[in-house]
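Q:
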Amino acid sequence: MEDFSMLRKFIEDSDFTEEIKDALLKSIMLEMQGSPALSDYTKLVTQLAGGISLED
Amino acid sequence: MKIEKISISNFGIIADVVLDLTSGNGNLVFVNGENGRGKTTFQSALRWCFYGKEPPINKFLSSYILESSDSGALLNTSVSVQILMDDASTAFVERMQVFQKTDSGTSKRVGQPKLSIKTRKSETGSFVDVLVDPEIWIRKYFPERLINFFLFDGELMKNFFAISVKGAIENAVKEIAGVDMFESIASNLSQVETSLNRKISRLTGTKAEKINEEKELQRRLMEDIYSDYRLTEDELNLKKERKSEVVALLEGVEGLGLQSERLKVIEADLELKTTNLGVTNTAFQMQVLASGTNSLLQNSFAELRKKVAHAEKEDRLPPPFEPARILQLIEDETCLCGAHLEPKSKAVLKLEAIIEKYTVASDVGRILDTTSRQIDLIEVELRTGWQFIQDKNNAIIQLRADIDKLTKERDSLVEKLQGHDVDSIRLLATERKNLDRQIEALISKFSSLKEQGGNVALVVDRLDKEFSEASKGNAQADELKKQAHLANEIASAAGKIHSIAIQQVRQQLQNSISEKFKLIMDGDVKTQINENFEVRTLRSDGTEIELSEGQNMMKAYIFSIALREVINLGFPLIVDTPLGRLGEGPRTQLASMLSNLLTQEISESKRQVIFLMHDGEYTPYTRKHFADSHPTEVYLAYEPGFDTKKSILGKGIDPNWLKFTAWKDWAEEKIK
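Line order of the protein sequences matches chains A and B. Under this note's numbering, the final residue of the first sequence carries the number 1065; numbering is consecutive throughout. Under this note's numbering, the final residue of the second sequence carries the number 712; numbering is consecutive throughout.
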């Protein structure tokens, strides 16, 4: 997406670690899909942490 | 991105229209038409195609096609757009809705609208369906939040900034640029972290739960402090930026500002001293008059004093007390000292002798006595008067010298300041002083917030450690801690990028708008976008410029185009009634300014602009401003025999318009 390229640039130009940059890009993708639920973020964090889901 | 072809079928008054932009200048397109011929319908069709925004049901399916069909017939409404994408591929977007004519002659929907999208990689390739969901594809390239900035009604442009309630532009810009996503990410991940910490505390006992509650409280406090800190930082940066501008403006002329201040002081001082001189002069003269009269009397004082001495020698001056009072003492037989006064005693006889002496004292003696006392008074008055005159005289000499000096200084300053806008310089000098004070206060607030934030951060750190300690020894909790930590890190990063992104977007917008304003307005004009995203147009000295209605509309166009530039969006600018309902003069002025702006926009960036104009807007006079760009001109008009029900699209200028005076003159080449 064209305006996403600007957001991507903000992330790429930042000093964060590659892991955090990747997490931010994935978060942007979640947002782009429109109004993500908290559970979507919980899943993302679980996946990024490489752990198991401990959802209630 | 460029629209190559638009096909509209059975949509409102537009029964069947194809606008092919593959030849000629497809970057600047004017779709003209009188009111009611389908310009707004044309835009509405594009809104439906790109965004799924449906028109009112009575303006959806063409009444013409409905009336001319049999009951039960299936009727298609469709809008398709062929677009040349920035990567040189071509996309074919089509949205379609099927209706059926009912027995009562109305229409009913058959199924839902269907969006289909095909793409081809090159001109020679063939179109294939996109692999993703077409709605996701279209949202990717035509985000809904852009709709009001790029597919809009020009009539609203003149109020673009005025009607925006505080924060509306700010929100729109942040939303359009997408930077608010970072805020949303930060907020969502903070919630994830909070939720994970609660789970951890539930898994590990009461102590951990209590610590976690306190930690949540402290973190909220830290967020509040941080928010205030950010606002203060923004404000401080703006003030510093403004100070640099003011300092630059004052460079070389600041001395004039100080001199101008000095002139102001001198003028006030001169006025005061001149008034004082007048008052002192009057007092001086009054005293001279009074003392002069008295001094005339002074000549006779020596003779009078001689006579008094003679009378005194002859003992003809009255005693220094009242005889009636002495008689009263004799009658009361009591002395002033309280002693008894024996009648016929020596003391009484002496007192009676004094009374007799007074009684026989001549009138001349009494007059001499009185005169002698008055001479004493006059001499005292004369001494005081002369002192007063001397003081006033000195004051007058001093005042005259001061006035003379100030007048010379004033004349010299007036000469130096001649030809300079000293009022502006003075205002700038004052502004700089104020800015210094404000910056100092903000730095102090900034430091204080930093310290407060630091203290709370230490508390949070301590609570983090305590929480970690209290929740030890549980494998599940350890797993969740890892996740909570990561959520915290990402949230914090998103928050930081959000701040940076907002500042950068604001700065880029400000630069782009300032640059574009130079194309349409002479003089040193600049744009300032403050922290609330209020867009101000300023002179070089920082004062705000009052814009005309046309200039305000232009400012809105510039803003919109600058925004497209900043977020690198190639989507065409499609405007209904772009010149609004302005009078002839402002309309021509706006057309001229727009032409300057768009010439660059369409030539340098290959961006496309489509204007839908009514006959009051598009006249030979407005046309001539765009003539050099060779726009593609088409018109919407009623198809003969289908008045008000069916419009068709023609090339060039509507032949009906050529009957109007101005267009007739243009056709006859009386207007170039």
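Don't be surprised by glycine CBs; every beta carbon is placed ideally from N, CA and C.
Examine the Cβ distances between the segment 125–135 of chain B and the segment 151–161 of chain B and report whether three or more of them are shorter than 8 Å.
A: Touching, yes.
Q: Express the C-alpha separation of Glu107 of chain B and Arg1017 of chain A in angstroms, rounding to a whole number.
A: Near 52 Å, if we compare the C-alpha coordinates of Glu107 of chain B and Arg1017 of chain A.
Q: How many angstroms separate the CA atom of Ser263 of chain B from the CA atom of Leu243 of chain B?
A: The displayed chain sequence assigns Glu, not Ser, to residue 263 of chain B. Their backbone Cα atoms lie some 27 Å apart in a straight line.
Q: Would Met1015 of chain A pass as an interface residue toward chain B - the criterion being a Cβ-Cβ separation below 8 Å?
A: For Met1015 of chain A, the answer is yes, since a Cβ of chain B falls inside 8 Å of its Cβ.
Q: Among the candidates B:Gln629, B:Gln492, B:Val606 and B:Ile560, whose CA atom is the shortest distance from the CA of Ile265 of chain B?
A: For Ile265 of chain B, the nearest C-alpha among the options comes from B:Gln492.
Q: For the beta strand (DSSP E) containing Gly690 of chain B, list its first residue and its last residue.
A: It spans Ser687 to Lys691 - the beta strand (DSSP E) in which Gly690 of chain B sits, taken as one unbroken run.
Q: In this structure, does DSSP put Gln338 of chain B in helix, strand or coil?
A: If DSSP states are grouped into helix, strand and coil, Gln338 of chain B belongs with the helices.
Q: Which residues of chain B have a Cβ atom closer than 7 Å to the Cβ of Glu1040 of chain A, listed in chain order?
A: Near Glu1040 of chain A (Cβ distances below 7 Å), the residues of chain B are Met221, Ser224 and Ile225.
Q: Do you know how far the Cα of Glu352 of chain B is from the Cα of Lys384 of chain B?
A: Distance between the alpha carbons of Lys384 of chain B and Glu352 of chain B: 29 Å.
Q: State the CB to CB distance for the pair Thr320 of chain B and Leu439 of chain B, rounded to an integer number of angstroms; the pair is presumed to be in contact (CB under 8 Å).
A: Contact holds; Cβ gap of about 7 Å.
Q: Please report the distance separating the alpha-carbon of Thr374 of chain B from that of Gln368 of chain B.
A: About 9 Å.
Q: Run through the segment 105–162 of chain B for me and flag every whole alpha helix (DSSP H) of 4 or more residues, listed as ranges in chain order.
A: Runs of the alpha helix (DSSP H) inside the segment 105–162 of chain B: none found.
Q: Suppose the cutoff is 7 Å on Cβ atoms and the five residues either side in sequence are ignored; what does the same chain contact list for Ser144 of chain B look like?
A: Counting only Cβ-Cβ distances below 7 Å, and skipping sequence neighbours, we find nothing.
Q: Would you list the one or two residues that DSSP bridges to Met653 of chain B?
A: Met653 of chain B pairs with B:Asn72.
Q: Is it true that the segment 1014–1032 of chain A meets the segment 527–546 of chain B, where meeting means three or more beta-carbon pairs spaced less than 8 Å apart?
A: Flag = yes, the segment 1014–1032 of chain A and the segment 527–546 of chain B touch.
Q: CB-CB under 8 Å to Ile479 of chain B, same chain, minus the five flanking residues each way: which ones, in chain order?
A: Excluding positions up to five away in sequence, the list reads Leu276, Lys279, Lys280 and Lys283.
Q: Within a Cβ cutoff of 6 Å, which residues of the same chain sit near Glu44 of chain B, ignoring the five residues on either side of it in sequence?
A: Around Glu44 of chain B: Leu61, Thr62, Gln122 and Leu124.
Q: Using a Cβ-Cβ distance under 8 Å, would Ile607 of chain B count as near chain A?
A: So yes, Ile607 of chain B belongs to the interface.
Q: List the endpoints of the continuous alpha helix (DSSP H) containing Tyr678 of chain B.
A: Note, Tyr678 of chain B: premise wrong, no alpha helix (DSSP H); beta strand (DSSP E) at Thr672 to Tyr678.
Q: Anything in chain B within Cβ reach of Leu1034 of chain A, meaning under 7 Å, just list it in chain order.
A: Within 7 Å Cβ-Cβ: nothing; Leu1034 of chain A doesn't reach chain B, min ~10 Å.
Q: Take the Cβ of Glu354 of chain B as the centre, count every other Cβ of all protein chains shown within 10 Å, and call the residue buried at 16 or more, exposed below.
A: Classification of Glu354 of chain B: exposed, given that the 10 Å Cβ count is below 16.
Q: Using the rule of at least 16 other Cβ atoms within 10 Å of the residue's Cβ for burial, across every protein chain shown, is Glu1011 of chain A buried or exposed?
A: Interpretation of Glu1011 of chain A is limited by its pLDDT of 45, a score under 50 that renders its predicted location unreliable; the figure taken from the coordinates is listed afterwards. Looking at its Cβ environment, which holds 16 or more other Cβ atoms inside 10 Å, Glu1011 of chain A is buried.
Q: Of all Cβ atoms in chain A, is any one closer than 8 Å to the Cβ of Ala515 of chain B?
A: Chain A contact via Cβ: absent.
Q: Hey, Phe611 of chain B and Phe182 of chain B are a contact pair by Cβ (cut 8 Å); roughly how many whole angstroms apart?
A: The Cβ separation is near 6 Å, so the contact holds.
Q: What is the rounded straight-line gap between the Cα of Val205 of chain B and the Cα of Asn592 of chain B?
A: Because Val205 of chain B sits at a pLDDT of 44, beneath the cut-off of 50, its placement in the model cannot be relied upon, and the following sentence gives the value as read from the coordinates. Straight-line Cα distance between these residues: approximately 16 Å.
Q: How about Asn602 of chain B and Lys556 of chain B: do their beta carbons lie closer than 8 Å?
A: Note that residue 602 of chain B corresponds to Ala in the displayed sequence, not to Asn. Yes, the Cβ-Cβ distance between Ala602 of chain B and Lys556 of chain B is below 8 Å.
Q: For the segment 547–616 of chain B, which segments carrying the beta strand (DSSP E) assignment without a break, of at least 3 residues, lie completely within its bounds, in sequence order?
A: You should have 565–569, 575–579 and 613–616.
Q: What residue does the beta strand (DSSP E) around Asn50 of chain B start on, and which one ends it?
A: Run containing Asn50 of chain B: Lys42 to Phe51, per the beta strand (DSSP E) assignment.
Q: Mind checking whether Leu637 of chain B and Ile560 of chain B have CB atoms under 8 Å apart?
A: Contact flag set, yes.
Q: Return the CA-CA distance between Glu163 of chain B and Asp127 of chain B, expressed in angstroms with no decimal places.
A: Cα to Cα, Glu163 of chain B sits roughly 12 Å from Asp127 of chain B.
Q: Rounded to the nearest angstrom, what separates His525 of chain B and Met221 of chain B at their Cα positions?
A: Looking at the two C-alpha atoms, the distance is approximately 21 Å.
Q: When DSSP labels each residue in this structure, what does Ala379 of chain B get in the three-state scheme?
A: DSSP places Ala379 of chain B in coil when its eight states are reduced to three.
Q: Would you decide whether Asn75 of chain B is buried or exposed? Buried here means 16 or more other CB atoms lie within 10 Å of its CB.
A: Per the 10 Å Cβ criterion, exposed.
Q: Spatial neighbours of Thr272 of chain B within its chain, please: CB distance less than 8 Å, with the 5 preceding and 5 following residues excluded, ordered by chain position.
A: The answer, listed in chain order, is Leu482, Lys485, Phe486 and Leu489.
Q: Let's see if you can read the secondary structure: which residues bound the alpha helix (DSSP H) around Asp1022 of chain A?
A: Counting along the chain, Asp1022 of chain A falls outside any alpha helix (DSSP H), and DSSP gives it neither H nor E.
Q: Nearest by alpha-carbon distance to Arg238 of chain B: which of B:Ile225, B:Glu254, B:Asp655 and B:Glu223 is it?
A: Here the closest residue by C-alpha is B:Glu254.
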